[in-house]
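Asker: Chains as they are written, first to last, in this note's numbering: chain A, 1228 to 1339; chain B, 2 to 113.
Positions of the beta carbon are idealized from the N, C-alpha and C atoms, including for glycine.
Note that the structure is predicted; figures quoted are calculated from it, not measured.
Dumping the structure here so I can ask a few things about it.
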Amino acid sequence: EDKVVQSPLSLVVHEGDTVTLNCSYEVTNFRSLLWYKQEKKAPTFLFMLTSSGIEKKSGRLSSILDKKELFSILNITATQTGDSAIYLCAVGSGAGSYQLTFGKGTKLSVIP
Amino acid sequence: ETGVTQTPRHLVMGMTNKKSLKCEQHLGHNAMYWYKQSAKKPLELMFVYNFKEQTENNSVPSRFSPECPNSSHLFLHLHTLQPEDSALYLCASSQDWRDTQYFGPGTRLTVL
């Protein structure tokens, strides 16, 4: 059975701090790893990673995938209160499969 | 209107009621999904439709009945639900199985 584990489950930081969120996975026929941010309801897409070692960056957020060690990290630098959210990691596996396996998420709280 | 929309946003129903959730996507995608998000659990995929054909049904109880009349619209018909079915129901769409899934705002369902 495919498995995605995120850590930590929750995190409280002060504005300006840098945070690293972790996602490890065990799946058959890995295809892609996705990060989403869920603030109130709708998860919003952040990154899709398919290749090892290539950093994807968007503003203060960046992410990288290690397919050998089966994990990904999401970094947020100079955190702001607007970064407070649940960050979800999901892994797609199998050719032709629509299934995404999600982790439980990391709840990030950024306090002023 | 753009993206993925869902109605209603909130729904309270009794166990003997029949109701329907609606999802519409304006992204020109071919695949649509229903997910269930319960507290402290990962998102669970319920159903997938591709070009109006159901491709995945993850052992969902028959009290949940999906309908996909075309590639832009997806319904989830609910009848004789249980209190443990209370959750956030999220709709998503993607171009095909390899692509990023984009989520709607969800329907918060409470079963009394």
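(1) Rounded to whole angstroms, how far is the Cβ of alanine 32(B) from the Cβ of aspartate 97(B), which I believe are closer than 8 Å?
(2) With a cut-off of 8 Å, do at least 3 Cβ pairs link the segment 9 to 22 of chain B to the segment 1311 to 1328 of chain A?
(3) Whether or not the segment 1228 to 1246 of chain A and the segment 54 to 71 of chain B are in contact is what I'm after, with contact meaning three or more pairs of Cβ atoms, one per stretch, closer than 8 Å; do they touch?
(4) Leaving aside the five residues before and after glutamate 57(B) along the sequence, list all residues of the same chain whose C-beta is less than 8 Å from its C-beta, in chain order.
(5) Starting from glutamate 1(B), trace the beta strand (DSSP E) in both directions and tell me its first and last residue.
(6) For the beta strand (DSSP E) containing valine 1337(A), name the first residue and the last one.
(7) Nearest chain B C-beta to alanine 1312(A) closer than 8 Å, yes or no?
(8) For a test of the three-state rule: what should DSSP assign to serine 1320(A), helix, strand or coil?
(9) Name, please, each residue of chain B whose Cβ falls closer than 8 Å to the Cβ of serine 1237(A).
(10) Leaving aside the five residues before and after threonine 1255(A) along the sequence, list all residues of the same chain whose C-beta is less than 8 Å from its C-beta, in chain order.
(11) Valine 49(B) versus chain A: which residues are under 7 Å apart at the beta carbon?
(12) Going by C-alpha to C-alpha distance, which of Glu25(B), Gln38(B) and Val5(B) sits closest to lysine 1331(A)?
(13) Phenylalanine 104(B) versus chain C: which residues are under 9 Å apart at the beta carbon?
(14) Mind the definition here: the segment 90 to 104 of chain B touches the segment 1237 to 1257 of chain A only if three or more C-beta pairs lie below 8 Å; say whether that holds.
(15) Does DSSP classify glutamate 1282(A) as helix, strand or coil?
(16) Just list the alpha helix (DSSP H) runs in the segment 9 to 70 of chain B, keeping only unbroken ones of 4 residues or longer that don't cross its boundaries, in chain order.
(17) Mind listing the chain A neighbours of threonine 111(B)? Cutoff is C-beta to C-beta under 9 Å, in chain order.
(18) Starting from tyrosine 90(B), trace the beta strand (DSSP E) both ways and give me its first and last residue.
(19) CA-CA distance, phenylalanine 1329(A) and threonine 17(B)?
(20) Once DSSP output is grouped into helix, strand and coil, what is the label at proline 1235(A)?
(21) How would you label glutamate 2(B), buried or exposed, when you count the other beta carbons within 10 angstroms and need 16 or more for buried?
(22) Output the boundary residues of the beta strand (DSSP E) element that contains aspartate 1345(A).
(23) Nearest CA to the CA of leucine 1261(A): which residue from Asp1310(A), Ile1338(A), Leu1315(A) and Lys1295(A)?
(24) Taking all protein chains shown into account, do 16 or more other C-beta atoms lie within 10 angstroms of the C-beta of valine 5(B), making it buried, or fewer, making it exposed?
Answerer: Based on what the coordinates show:
(1) Looking up residue 32(B) in the second sequence gives position 31. Looking up residue 97(B) in the second sequence gives position 96. So it is a contact: roughly 6 Å between Cβ atoms.
(2) no
(3) These segments do not touch.
(4) Residue numbering aside, residue 57(B) sits at position 56 when the second sequence is read from its first letter. Contacts found: Leu46, Phe48 and Val49.
(5) The requested residue 1(B) is not part of the displayed model; chain B covers only 2 to 113.
(6) Taking the first sequence and counting its residues from 1, the one referred to as residue 1337(A) is at position 110. Unbroken beta strand (DSSP E) run through valine 1337(A): 1333 to 1338.
(7) Looking up residue 1312(A) in the first sequence gives position 85. So no, alanine 1312(A) is outside the interface.
(8) The residue given as residue 1320(A) occupies position 93 in the first sequence. The answer is strand: DSSP assigns serine 1320(A) an E or B state.
(9) The residue given as residue 1237(A) occupies position 10 in the first sequence. Correct list: empty, because the minimum Cβ distance to chain B is about 11 Å.
(10) The sequence position of residue 1255(A) within the first sequence is 28, counting from 1. Excluding residues within five positions, the ones whose Cβ falls inside 8 Å are Asp1229, Ser1320 and Gly1321.
(11) As a working mapping, residue 49(B) is identified with position 48 in the second sequence. The answer, in chain order, is Tyr1325.
(12) As a first step, residue 1331(A) must be located in the first sequence, where it is residue number 104. Between lysine 1331(A) and the set Glu25(B), Gln38(B) and Val5(B), the nearest pair of CA atoms involves Gln38(B).
(13) Absent here is chain C; the protein component of the structure consists of chains A and B.
(14) no
(15) Position 55 of the first sequence, counted from the first residue, corresponds to residue 1282(A). Glutamate 1282(A): coil per DSSP, three-state reduction.
(16) Listed in chain order, there is nothing to give.
(17) In the second sequence, residue 111(B) corresponds to position 110, counting from 1. Correct list: empty, because the minimum Cβ distance to chain A is about 15 Å.
(18) Residue mapping note: residue 90(B) aligns to position 89 of the second sequence, counting from 1. Segment 88 to 95, the beta strand (DSSP E) holding tyrosine 90(B).
(19) For the purposes of this step, residue 1329(A) is identified with residue 102 of the first sequence, where counting begins at 1. For the purposes of this step, residue 17(B) is identified with residue 16 of the second sequence, where counting begins at 1. Roughly 32 Å between the two C-alpha positions.
(20) Stepping through the first sequence from its first residue, residue 1235(A) is reached at position 8. In the structure shown, proline 1235(A) sits in coil (DSSP, three-state: anything other than H, G, I, E or B).
(21) Your numbering for residue 2(B) matches position 1 in the second sequence. With a pLDDT of 49 at glutamate 2(B), under the threshold of 50, the modelled position of this residue cannot be trusted; read the value that follows with caution. Glutamate 2(B) is exposed by the Cβ-count criterion.
(22) No information on residue 1345(A) is available, as it lies outside the stretch 1228 to 1339 that chain A covers here.
(23) Position 34 of the first sequence, counting from 1, holds the residue named residue 1261(A). Per the Cα distances, Leu1315(A).
(24) Numbered from 1 along the second sequence, position 4 holds the residue referred to as residue 5(B). Burial call: buried.
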